[in-house]
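**Student:**
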Amino acid sequence: MLYSEYNPQNNSVLPNFYGLIYSEVEDYLLQHSFSKYVVIQLFNWVYKKQLREHDKWSNISKKLRVQLKIDFDFSLPQIIETRHSCDGTIKFLLQMKDNEKVEAVLIPSEDRLTLCISTQVGCAMRCTFCFTGTKGFIRNLKCHEIVGEYLAINEWYNQYAQETGRLPGGPTQTLITNIVYMGQGEPLNNFQEVKRATLLLLDPQGIAFGQRKITLSTVGIIPMLLKMGEFPPINIAISLHSPRDHVRDQLIPINRTFPLAQLFAAIEKIPLKAHRRITYEYLLIEGLTNTAEDLVALKKLISPERSKINLIPYNEFPGATYKRPTDEKVLQFCNQLGEMGYTCTVRRSKGSDILAACGQLRG
Ligand code: SAH
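In my numbering, the protein residues as written are 1 to 363.
1. For K273, count the other beta carbons within 10 Å of its own beta carbon; 16 or more makes it buried, fewer makes it exposed. Which is it?
2. How long is the line joining the alpha carbons of L29 and Y3, rounded to whole angstroms?
3. Tell me whether the beta-carbon of I238 lies closer than 7 Å to the beta-carbon of G220.
4. From I80 to E149, what does the alpha carbon distance come to, in whole angstroms?
5. Ignore the nearest five residues each way along the sequence and tell me which others in N290's own chain have a CB closer than 7 Å to its CB.
6. Near T215, which residues of its chain fall below 8 Å by C-beta distance, leaving aside the five closest residues on each side in sequence?
7. Buried or exposed: where does A104 fall if 16 or more other Cβ atoms within 10 Å of its Cβ makes it buried?
8. Here's the rule I'm using: 16 or more other beta-carbon atoms within 10 Å means buried, otherwise exposed. How should E26 be labelled?
9. DSSP three-state label for K36, please.
10. So, at 7 Å on beta carbons, what are the nonlocal neighbours of P259 in its own chain, with the 5 sequence-adjacent residues on each side left out?
11. If you draw a straight line from the C-alpha of P171 to the C-alpha of L311, how long is it?
12. Between the segment 106-121 and the segment 44-58, do at least 3 Cβ pairs fall closer than 8 Å?
13. Do C394 and F137 have their CB atoms nearer than 7 Å?
14. Quick check: the Cα distance between R65 and G351, rounded to an integer number of angstroms?
15. Exposed or buried, R248, counting other C-beta atoms within 10 Å across all chains shown (16 or more means buried)?
16. Nearest-angstrom Cα distance between G133 and M125?
17. In whole angstroms, what is the alpha-carbon distance linking S349 and T218?
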């Protein structure tokens, strides 16, 4: 719910502050006869310093602090469980106000700390290789819940890092360097709220991520891909997984609605900023997606200049039916793509011992 939609007469739930983008906070301030420039200070406290105690906002008038408390909910999703993997990955279970739960994963590597967040409770895509999908779709997350995943985990992490002595820069230093929409859900099926959350994550007065530090991953919902011009220009990853319709139909049922030819026609129309490429996520399943035929079909579909291929060796989960290829075969497939001119990387799976790897999340 946005502030503008909020009617105190018939609704006792306050709108959440993290659901408002910059210009909407300006509007709110003007409506209440405050200077709209106060938004800069507010964003500084709330998003840059991440201090949620209103009485510490020293350069905000008492009148406004009181008004904000009356008008908005400043609470975040609650972290109700954390699990630490031996490779440094940390999985979070977050609970929303209505008790629905989603997962997010913090993934450290040499030069970055990536936060993988969810955009829906459950997922409607029913991909046959994905554990997350077995739960079905419950509901979309709101902008404040998506941004809230980041804020809650960042707050948790700052404290954790301080306690364990891993954060040199003090409590206000943000160490999360990248965000990926690769948790539960299909982000393009929640276009407006994910867009809104992205605007907040990018806002230079607020959380201030760079455009290239955020990646949206999608199975390829064509009508929404055609609207990507309305979306902030972040990185886009397409969960391709197979370049052959009859195989992709089996893996990603929505491929029957949006087959490869149509999907690639839509991808062609995505406005990409100079030098930027689309990433194709490609699940390696033994005997199904790592064959010689796949290499031939990939060549017809994807141009090496405009793309990157990210190979994901299939992560097995309890009850999984597909098989993961051996490491040698993974490397071989990657090398073959390299010889064909593709930029190709293998995703080193993280957190599989705590079921936090790709496709293993399930609230
Ligand atoms: N719905 C979006 C966002 C989720 S991203 C999308 O599909 O792109 C999650 C990524 O993990 C996707 O690329 C998905 O295909 C991949 N994935 C799902 N299950 C997996 C599994 N068992 N092993 C490896 N990768 C998997």
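In this text, a Cβ means the ideal position worked out from N, Cα and C, and glycines have one as well. Quick caveat, the model's predicted, so the values are computed rather than measured.
**Tutor:** Per the coordinate set shown:
1. exposed
2. 11 Å
3. yes
4. 12 Å
5. L284, P325, K329, F333
6. N178, I179, V180, Y181, M182, I234, N235, I236, A237, T279
7. buried
8. buried
9. coil
10. D245
11. Caution applies to P171, whose pLDDT of 46 falls short of 50 and renders its modelled position unreliable; the model cannot decide the point.
12. no
13. Since the first and last residues shown for the chain are 1 and 363, residue 394 lies out of range.
14. 42 Å
15. buried
16. 7 Å
17. 19 Å
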